[in-house]
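Undergrad:
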Amino acid sequence: MRAGSREPLEALISHLAGLGAVGIVAVRAGAHSVGVARDRVVLASRTDRAHLQGRTAAGGWSQQRFARRRGNQRAASYESAASTVARMLVPLATSLRGLVLGGDRSGLADVLADSRLSVLSGLPRRVFADIAEPRRTVLDEIAARSLMVEITIRATAP
């Protein structure tokens, strides 16, 4: 964004008003939501959940077996999320103005590392790590927050 000859606040408001469509990707282990939003409204979305083995109090080989199972289930969940992102956002990559990400940072990194999503790597990003389990209502919340900015005004000495 460039302010040019305009007041900075006016330039910011103008920039946000004309931002256009953004892709939304929300990921936590065992669940993901992917959507496209414009002007804080979700236009299209897809949400999916997968079973993820819970932790066990068993010791020894059983504990290791369950840990491996959880790891495999988590990897399958992230693969499913990457496939959904590829189906929904990659065809729109040239028209998207940015990516809004939510959820687990390591999970998001695993999903976005998929080679099918390389066309999205150059888009500006905003991350909300404080989201709950990815659901359709969470996508609405992320879309609403995507254009919010915090402005701090400091008085300068004359």
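With the first letter of the sequence shown counted as 1, position 95 gets the number 121 in my numbering; the numbers rise by one all the way through.
Glycine is no exception: its CB is placed at the ideal position from the N, C-alpha and C atoms.
Please classify residue 158 as buried or exposed, where buried requires at least 16 neighbouring CB atoms within 10 angstroms.
TA: Residue 158 is exposed by the Cβ-count criterion.
Undergrad: Give the list of continuous alpha helix (DSSP H) stretches no shorter than 4 residues that lie fully inside the stretch 131-155.
TA: Segments of the alpha helix (DSSP H) lying fully in the stretch 131-155: 131-138.
Undergrad: Using C-beta distances below 6 Å, list every residue in its chain close to residue 137, excluding the 5 sequence neighbours before and after it, in chain order.
TA: Around residue 137: 53, 104, 107, 108.
Undergrad: Does the stretch 62-76 come close enough to the stretch 145-154 that 3 or more CB-CB pairs lie under 8 Å?
TA: Because the criterion of three Cβ pairs below 8 Å is not met, the stretch 145-154 and the stretch 62-76 do not touch.
Undergrad: Whole-angstrom Cβ separation of residue 114 and residue 70, contact assumed at under 8 Å?
TA: Going by Cβ atoms, the distance from residue 114 to residue 70 rounds to 7 Å, so yes, they are a contact pair.
Undergrad: Would you list the residues sitting across from residue 64 in a DSSP beta bridge?
TA: Residue 64 pairs with 47, 67.
Undergrad: Using only alpha-carbon positions, find the residue among 97, 37, 111, 92 that is nearest to residue 59.
TA: Comparing Cα positions, the closest option is 111.
Undergrad: With DSSP as the reference, identify every bridge partner of residue 116, one or two as the case may be.
TA: Residue 116 pairs with nothing; no bridge assigned.
Undergrad: Terminal residues of the continuous alpha helix (DSSP H) containing residue 126?
TA: Where residue 126 is concerned, there is no enclosing alpha helix (DSSP H), although the beta strand (DSSP E) it sits in stretches over 125-129.
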